[in-house]
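Residue numbering for the sequence shown follows our numbering, starting at -10 and increasing by one per position. To keep things clear, I will list the structure first and then write my remarks on it.
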Amino acid sequence: MADHRSTAGSYIPYDGLPPLHVRETALPHLHPYAPISPGRYITPGGGRLTIATTTAHHQITLDHLGCDAQTSEPKEAAFKQLALAAEGRCLRAGCKHRARFSVGNVYRGFQVRRGSIELSAFMRALLAIELGDFGPATRLFDETSSTVGAPLASPGRSGLQPTS
């Protein structure tokens, strides 16, 4: 087994996924239809997913370090569309934040208003994008666009705040 070194330590190939840090190999694998709860997971597409919950939002971070397949142009557009769907629900609820998205990067952050999009529906759309199915993200975006009343920024336009 090859051992990769970085400033964070050893990374190893794991279970057919992109290289993971040795500490990450113990993380549970998240199945798209499994119950979703706050915590840290490995996704079917090889991403590292963290879900945290505040009183108003679910904070979701996903990184695909070492997995260039997750940064293709169609997947970038779908991840952005999913971020816009969540932002539309927040706008309707009066939240002041803007959707966060990072183009051309392997690290993505999402804020999903509690009580707007079901966490399980959002997570299934997120995981479907990883596996190449953009339909669930498109459906959430279309539903949000029609319920907010005003057109949201299209996935091709940059209406999102970059993350650092």
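Beta carbons: idealized from backbone N, C-alpha and C, even for Gly.
Close Cβ partners of residue i (< 7 Å) along its chain, the five nearest in sequence each way excluded
i: proline 140; result: For proline 140, the pLDDT reaches just 44, beneath the cut-off of 50, and the residue's location in the model is therefore unreliable, although a value from the coordinates is still provided. These residues qualify, in order along the chain: Ser134.
i: glutamine 48; result: Ala41 and Gln100
i: glutamate 119; result: Thr32, Pro33, Gly34, Gly36 and Gln59
i: alanine 23; result: none
Through-space distance from residue j to residue i, alpha-carbon basis
i: threonine 32; j: glycine 104; result: 24 Å
i: alanine -3; j: threonine 14; result: Per-residue confidence for alanine -3 stands at a pLDDT of 47, beneath the threshold of 50, marking its modelled position as unreliable; no derived number is given.
i: alanine 82; j: leucine 73; result: 14 Å
i: leucine 51; j: histidine 18; result: 14 Å
i: lysine 69; j: serine 61; result: 12 Å
i: glutamate 65; j: valine 95; result: 10 Å
i: cysteine 79; j: arginine 102; result: 6 Å
i: threonine 44; j: tyrosine 30; result: 22 Å
i: cysteine 84; j: glutamate 132; result: 19 Å
i: arginine 97; j: proline 63; result: 15 Å
i: isoleucine 106; j: arginine 12; result: 32 Å
Three-way DSSP call (helix, strand, coil) for residue i in this model
i: glycine 83; result: coil
i: glycine 98; result: strand
i: leucine 51; result: strand
i: glycine 77; result: helix
i: arginine 103; result: coil
i: alanine 41; result: strand
i: leucine 19; result: coil
i: leucine 9; result: strand
i: isoleucine 31; result: strand
i: serine 134; result: helix
Own chain, CB closer than 8 Å to residue i, minus 5 neighbours either side, in chain order
i: histidine 20; result: Pro33
i: leucine 71; result: Phe99, Phe111, Ala114, Leu115, Ile118, Ala126, Leu129 and Phe130
i: glycine 28; result: Pro17, Thr39 and Ile40
i: leucine 108; result: Ile25, Ile40, His47 and Val101
Whole-number beta carbon distance between residue j and residue i, since they are thought to touch under 8 Å
i: phenylalanine 123; j: alanine 67; result: 4 Å
Sequence-distant residues of the same chain with beta carbon closer than 6 Å to residue i, five excluded per side
i: histidine 53; result: Gly36, Gln59 and Val95
Residue i beta carbon near the ligand GTP (any heavy atom closer than 7 Å)
i: serine 134; result: Looking at this structure, you won't find the ligand GTP or any other ligand, since it has none at all.
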